[in-house]
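S.K.: Please find one structure pasted underneath; my questions will follow.
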Amino acid sequence: MPRAEDAVPPLTLLLYCIIMIVTAILNSLSYKKMLNAYKSQDPVNHPHNYEFYVNELNVLMYFLTALGIIYYKKHFTPHGKHWFNSQTFYTRQFFNMGLLDSAAGFLSCVGGAFVGGAVQSLINQTTIPMTLMLSKIFLQSKFTKRQNLGALIIVLGAVFSVLPSFLHPPDASSRSSTTSTGVVVFLLSVVPGAFSNVYKEYAFKTSENSVDVYYMTTWVSLFQITTGMLFLPTQSLKALGGIPWSEMGSQFVDGTYCTMGINARPGDDCEGAGLILFGYVVINFLYNIFSLLVVKHGSASLSVIAAAVALPLTNMSFSAKWLMGRDYEPFDYVNLLSTLVVLSGFILYSRSDAASDEDPDLWTPRTRKIETSKPKGKTLTLAAAGGSMAYLRPRSDSDPTTPGYTPIMVAKMGKGGTVDRLNQSMQ
Numbered sequence: 369m370p371r372a373e374d375a376v377p378p379l380t381l382l383l384y385c386i387i388m389i390v391t392a393i394l395n396s397l398s399y400k401k402m403l404n405a406y407k408s409q410d411p412v413n414h415p416h417n418y419e420f421y422v423n424e425l426n427v428l429m430y431f432l433t434a435l436g437i438i439y440y441k442k443h444f445t446p447h448g449k450h451w452f453n454s455q456t457f458y459t460r461q462f463f464n465m466g467l468l469d470s471a472a473g474f475l476s477c478v479g480g481a482f483v484g485g486a487v488q489s490l491i492n493q494t495t496i497p498m499t500l501m502l503s504k505i506f507l508q509s510k511f512t513k514r515q516n517l518g519a520l521i522i523v524l525g526a527v528f529s530v531l532p533s534f535l536h537p538p539d540a541s542s543r544s545s546t547t548s549t550g551v552v553v554f555l556l557s558v559v560p561g562a563f564s565n566v567y568k569e570y571a572f573k574t575s576e577n578s579v580d581v582y583y584m585t586t587w588v589s590l591f592q593i594t595t596g597m598l599f600l601p602t603q604s605l606k607a608l609g610g611i612p613w614s615e616m617g618s619q620f621v622d623g624t625y626c627t628m629g630i631n632a633r634p635g636d637d638c639e640g641a642g643l644i645l646f647g648y649v650v651i652n653f654l655y656n657i658f659s660l661l662v663v664k665h666g667s668a669s670l671s672v673i674a675a676a677v678a679l680p681l682t683n684m685s686f687s688a689k690w691l692m693g694r695d696y697e698p699f700d701y702v703n704l705l706s707t708l709v710v711l712s713g714f715i716l717y718s719r720s721d722a723a724s725d726e727d728p729d730l731w732t733p734r735t736r737k738i739e740t741s742k743p744k745g746k747t748l749t750l751a752a753a754g755g756s757m758a759y760l761r762p763r764s765d766s767d768p769t770t771p772g773y774t775p776i777m778v779a780k781m782g783k784g785g786t787v788d789r790l791n792q793s794m795q
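Just so it is clear: in the sequence shown, position 326 is 694 by the numbering used here, and no numbers are missing.
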């Protein structure tokens with residue numbers, strides 16, 4: 369059935385792709401610059417953990433943004449109150465999503481502060497094989513040999529990229545040096561992140577009820593903020609900061625000073641920290657929006673291509689002094705080779721899934737209605753930054769104010785079903 373509402377001119381679609389690529393690059397760069405601004409520059413003698421603080425503040429800003437959008441849609445759009453009253457609140461599902469995302473965000477920020485940005489972008493891609501494995505375990509999903517091989521190549525490329533951090537001591541003079549402890553913690557963030565992907569994919573799939581993406585964003589981010597506080601005591605562990613219990617409360621006060629550009633502790637270097645944080649939130653929001661626009665008006669394959677182009681450009685951008693300033697990372701041939709290996713695995717994985725589902729002409733805007741009764745195979749895009757929020761990334765046509773609106777479908781929570789098994793595993 370034709371849907372002319374989804375069609376956009378090819379040049380407009382090309383512009384969406386270019387903006388998606390540019391914001392994906394800036395997203396990763398600003399994330400690393402944000403972590404560098406909030407971390408202790410002398411963690412051995414003057415440890416602190418503003419990374420926890422900035423992670424909570426980041427999610428709070430997303431919560432307030434989504435809350436503002438909901439308020440506007442409810443009070444200033446046609447049928448807004450009817451839309452709001454028709455939303456279904458799934459307490460346990462939203463809570464579980466928030467818990468998984470808070471674990472991923474916490475580990476990503478704490479570990480990412482001591483992992484180079486280029487290495488971060490490669491480790492993030494291990495979300496694909498981890499999601500594949502969890503899908504097999506909990507959802508009995510089946511994947512092709514090409515997908516399994518692509519996932520294996522991604523893992524090998526990521527392992528190759530982090531080997532130098534285990535074989536050589538970190539450069540103490542660099543703001544973006546990579547430590548073995550940072551790599552381990554950052555890599556652990558992939559597990560709850562991938563679990564969250566699987567949970568969201570199948571908890572909201574086939575039902576008569578629809579859930580608006582901003583409504584879900586608000587509740588999940590609220591639960592992420594509250595459950596994130598559960599990880600506060602873990603900062604006493606050496607690998608996660610080594611903060612004495614007596615100083616944990618003051619981390620929030622001093623972190624606020626850091627946001628204002630004030631160095632409250634020895635080892636602080638907070639110049640421009642608040643501006644960098646605000647810039648990251650804006651860039652990340654734009655990246656999510658244009659990722660949705662590319663998928664909505666183009667195809668998942670086109671989104672995959674744009675993300676694949678962004679990966680090597682991102683890793684090379686970390687070595688651009690005019691972009692990174694004092695957070696510049698020297699060019700590393702090991703990282704370049706690792707990028708090529710990971711990229712080849714990603715393309716191999718994605719082609720086997722996307723080739724059979726998408727339009728032959730990627731630059732022809734879609735005009736056919738999606739068959740919601742037949743779930744398509746999942747195409748995973750490259751992660752742009754460890755701290756990127758995933759809530760705005762579900763299908764853009766879940767917004768009732770979007771032309772050609774078709775709702776996100778919510779899985780029925782029947783006993784013994786897929787979502788029921790996932791919920792049992794969370795308890």
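Heads up, the beta-carbon is just placed ideally off N, CA and C, and yes, glycines get one too.
Can you tell which of Asn703, Ser671, Ile651, Leu670 has its C-alpha closest to the C-alpha of phenylalanine 686?
M.R.: For phenylalanine 686, the nearest C-alpha among the options comes from Asn703.
S.K.: Within the chosen definition, does the region 426 to 446 reach the region 586 to 606 through at least 3 CB pairs nearer than 8 Å?
M.R.: With a cut-off of 8 Å, the region 586 to 606 and the region 426 to 446 count as touching, because enough Cβ pairs lie within range.
S.K.: Go through its chain and collect everything with a Cβ distance to glutamate 697's Cβ below 8 Å, but skip five positions before and after it.
M.R.: So the list reads Gly484, Gly485, Ala486, Ser542, Ser544, Phe686, Ser687, once near-sequence residues are dropped.
S.K.: Measure the Cβ-Cβ separation of phenylalanine 563 and leucine 468 and say whether it is below 8 Å.
M.R.: Yes.
S.K.: Answer with buried or exposed for histidine 450, where buried requires no fewer than 16 other C-beta atoms within 10 angstroms of its C-beta.
M.R.: Exposed: under 16 other Cβ atoms inside 10 Å.
S.K.: Would you decide whether proline 378 is buried or exposed? Buried here means 16 or more other CB atoms lie within 10 Å of its CB.
M.R.: When all chains shown are included, proline 378 counts as exposed.
S.K.: Taking serine 396 as the reference, give the member of Gly436, Leu681, Ser408 with the closest Cα.
M.R.: Cα-wise, what sits closest to serine 396 is Leu681.
S.K.: Taking C-alpha atoms, which residue in Thr499, Lys689, Leu654, Gly713 lies nearest to isoleucine 389?
M.R.: For the residues Thr499, Lys689, Leu654, Gly713, the minimum Cα distance to isoleucine 389 belongs to Leu654.
S.K.: Quick check: what's the CA-CA separation for phenylalanine 420 versus leucine 645?
M.R.: So the alpha carbons of these two residues sit roughly 13 Å apart.
S.K.: If I measure Cβ to Cβ from phenylalanine 354 and keep anything under 7 Å in the same chain, skipping five residues before and after, which residues do I get?
M.R.: Residue 354 is absent from the structure shown; the chain starts at 369 and stops at 795.
S.K.: The alpha helix (DSSP H) spanning arginine 694 covers which residue range?
M.R.: No alpha helix (DSSP H) contains arginine 694, which DSSP labels as neither H nor E.
S.K.: Tell me whether glycine 617 is buried or exposed, calling it buried when 16 or more other Cβ atoms sit within 10 Å of its Cβ.
M.R.: With fewer than 16 Cβ atoms within 10 Å of its Cβ, glycine 617 is classed as exposed.
S.K.: How many Å lie between leucine 643 and serine 408 at the Cα?
M.R.: Approximately 18 Å between the Cα atoms of the pair.
S.K.: Given that a residue counts as buried once 16 or more other Cβ atoms are within 10 Å of its Cβ, and exposed if not, what is isoleucine 386?
M.R.: Isoleucine 386 comes out exposed.
S.K.: Between which two residues does the alpha helix (DSSP H) carrying glutamate 419 extend?
M.R.: Taken as a continuous stretch (DSSP letters only), the alpha helix (DSSP H) holding glutamate 419 covers 418 to 444.
S.K.: With a 10 Å radius around its C-beta and 16 neighbouring C-beta atoms as the bar for buried, classify threonine 380 as buried or exposed.
M.R.: By the 10 Å Cβ count, threonine 380 comes out exposed.
S.K.: If I measure Cβ to Cβ from alanine 607 and keep anything under 8 Å in the same chain, skipping five residues before and after, which residues do I get?
M.R.: Excluding positions up to five away in sequence, the list reads Thr549, Val552, Val553.
S.K.: From asparagine 492 to valine 527, what does the alpha carbon distance come to, in whole angstroms?
M.R.: Taking the straight line from one Cα to the other gives about 12 Å.
S.K.: Which runs of the alpha helix (DSSP H), 4 residues or longer, sit entirely within the region 595 to 650?
M.R.: Here the runs fully enclosed are 616 to 627.
S.K.: Where do the N-terminal and C-terminal ends of the alpha helix (DSSP H) with histidine 414 fall, by residue?
M.R.: Premise fails: histidine 414 is in no alpha helix (DSSP H) and is neither H nor E.
S.K.: Could one say the Cβ of glycine 473 lies closer than 8 Å to chain C's Cβ atoms, at least one of them?
M.R.: Absent here is chain C; the protein component of the structure consists of one chain.
S.K.: Contact check, glycine 525 vs valine 709 under 8 Å by CB: the rounded distance?
M.R.: Contact flag correct, Cβ pair sits at about 3 Å.
S.K.: Would you call asparagine 413 buried or exposed, if buried means 16 or more other Cβ atoms sit within 10 Å of its Cβ?
M.R.: Exposed, by the Cβ-count rule.
S.K.: Confirm the yes/no value for this check: CB of glycine 713, any heavy atom of the ligand ATP, distance under 7 Å.
M.R.: Questions concerning the ligand ATP fall outside what the structure shown contains, since it holds no ligand whatsoever.
S.K.: On the DSSP letters alone, give me the boundaries of the alpha helix (DSSP H) that lysine 407 sits inside.
M.R.: Looking at the DSSP string, lysine 407 is not in any alpha helix (DSSP H), and its letter there is neither H nor E.
S.K.: Near tyrosine 582, what residues of its chain come up, given a Cβ to Cβ distance below 6 Å and the 5 sequence neighbours on each side ignored?
M.R.: Excluding residues within five positions, the ones whose Cβ falls inside 6 Å are Ala434, Ile437, Ile438.
S.K.: Put aspartate 469 into one of helix, strand or coil per three-state DSSP.
M.R.: It is helical.
S.K.: Mapping DSSP to helix, strand and coil, what is lysine 449?
M.R.: In this structure, lysine 449 counts as helix in the three-state DSSP scheme.
S.K.: Reducing DSSP to helix, strand and coil, say where glutamine 508 ends up.
M.R.: Correct three-state label for glutamine 508: coil.
S.K.: Does the separation of the CB atoms of glycine 479 and asparagine 423 fall below 8 Å?
M.R.: For glycine 479 and asparagine 423, no; Cβs fall outside 8 Å.
S.K.: Whole angstroms is fine: what's the gap from phenylalanine 431's alpha carbon to isoleucine 715's?
M.R.: Going from the Cα of phenylalanine 431 to the Cα of isoleucine 715 covers about 34 Å.
S.K.: In the structure shown, what three-state DSSP assignment does valine 483 receive?
M.R.: It is coil, neither helix nor strand.
S.K.: For phenylalanine 699, which of helix, strand or coil comes out of DSSP?
M.R.: Reduced to three states, the DSSP call for phenylalanine 699 is coil.
S.K.: Taking Cβ positions, are glycine 629 and histidine 416 nearer each other than 8 Å?
M.R.: It is not a contact, given that the beta carbons lie outside the stated cut-off.
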